[in-house]
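Colleague:
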Amino acid sequence: MIKKKYIPTPIVEKKKRKKVKVVENLETRRLSTLYVIWRFLVYFARIQYRKFTGKSDVQKTATQLREIFEEFGGFWVKAGQILALRTDLFPDEVCDELRSLQYEALGFPFHIARSTIESELGAPIGKIF
């Protein structure tokens with residue numbers, strides 16, 4: 026048994042941790058470059074429109090950016106996590122919202138993970154481990 030003094034303190038207490046939201050129909054996202062560019066252009070156009078009309082809402086803007094990264098998935102979630110660290114470039118509201126990509130990212134069902142691992146290994150998991 027490990028001595029208690031060697032057990033690290035969890036970052037978030039287990040009781041306070043939110044359950045991971047598992048999305049059943051989370052497909053492998055193959056986004057075209059044009060679609061990604063289009064989504065970001067629309068996002069930045071909305072920011073400019075809000076600034077022009079004087080209805081700038083940093084929190085709403087931050088939430089929309091996080092949702093875009095979640096929609097794109099994979100690499101983009103990781104990019105959002107890294108951008109969350111750049112408090113020198115972005116307002117605190119944006120960094121706080123993007124930080125949620127680290128702890129509240131969408132999950133996917135085990136059968137998808139299992140089939141991906143087995144296809145990469147070329148054999149059933151039980152046969153290898």
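Following my numbering, the numbering of the sequence shown begins with 26 at its first residue and continues without gaps. Each residue gets a CB set at the ideal place from its N, CA and C atoms; glycine is no exception. These numbers come from a predicted model, not from an experiment.
Nearest to Arg-139 by CA position, among Ile-153, Ile-32, Glu-129, is which residue?
Modeller: Start at 1 with the first residue of the sequence shown, and residue 139 comes out as number 114. Among Ile-153, Ile-32, Glu-129, the Cα nearest to that of Arg-139 is on Ile-153.
Colleague: Does DSSP put Ile-112 in a helix, in a strand, or in coil?
Modeller: For the purposes of this step, residue 112 is identified with residue 87 of the sequence shown, where counting begins at 1. Correcting the residue type first, residue 112 is Thr in the shown sequence and not Ile. Coil at Thr-112, not helix or strand.
Colleague: Can you name, in chain order, every residue of its own chain whose Cβ lies under 8 Å from the Cβ of Ile-93, other than the five neighbours on each side?
Modeller: On the sequence shown, residue 93 is found 68 positions in, with the first residue counted as 1. These residues qualify, in order along the chain: Arg-64, Phe-65, Tyr-68, Trp-101.
Colleague: Which two residues bound the contiguous alpha helix (DSSP H) that contains Phe-97?
Modeller: The count along the sequence shown starts at 1 and reaches residue 97 at position 72. From DSSP, the alpha helix (DSSP H) with Phe-97 extends over 83–97.
Colleague: Would you identify the three-state DSSP class for Lys-103, choosing helix, strand or coil?
Modeller: The residue labelled residue 103 in the question sits at position 78 within the sequence shown. Of the three classes helix, strand and coil, the one that applies to Lys-103 here is helix, per DSSP.
Colleague: For the structure I just gave you, are there three or more beta carbon pairs, one from the stretch 111–123 and one from the stretch 141–151, closer than 8 Å?
Modeller: With a cut-off of 8 Å, the stretch 141–151 and the stretch 111–123 do not count as touching, because too few Cβ pairs lie within range.
Colleague: Quick one: what does DSSP say Ile-150 is sitting in, helix, strand or coil?
Modeller: Walking along the sequence shown from the start, residue 150 turns up at place 125. Correct three-state label for Ile-150: helix.
Colleague: Measuring only the C-alpha atoms, how far is Thr-112 from Glu-145?
Modeller: Position 87 of the sequence shown, counted from the start, is the residue given in the question as residue 112. Position 120 of the sequence shown, counted from the start, is the residue given in the question as residue 145. Near 38 Å, if we compare the C-alpha coordinates of Glu-145 and Thr-112.
Colleague: What is the DSSP secondary structure of Lys-76, counted as helix, strand or coil?
Modeller: Along the sequence shown, one-based indexing puts residue 76 at 51. Note: Lys-76 maps to helix in three-state DSSP.
Colleague: Kindly indicate which three-state DSSP category Ile-27 falls into: helix, strand or coil?
Modeller: In the sequence shown, the residue the question calls residue 27 occupies position 2. Three-state result, Ile-27: coil.
Colleague: Please classify Leu-110 as buried or exposed, where buried requires at least 16 other C-beta atoms within 10 Å of its C-beta.
Modeller: Translated into positions along the sequence shown, residue 110 becomes position 85. So Leu-110 ends up on the exposed side.
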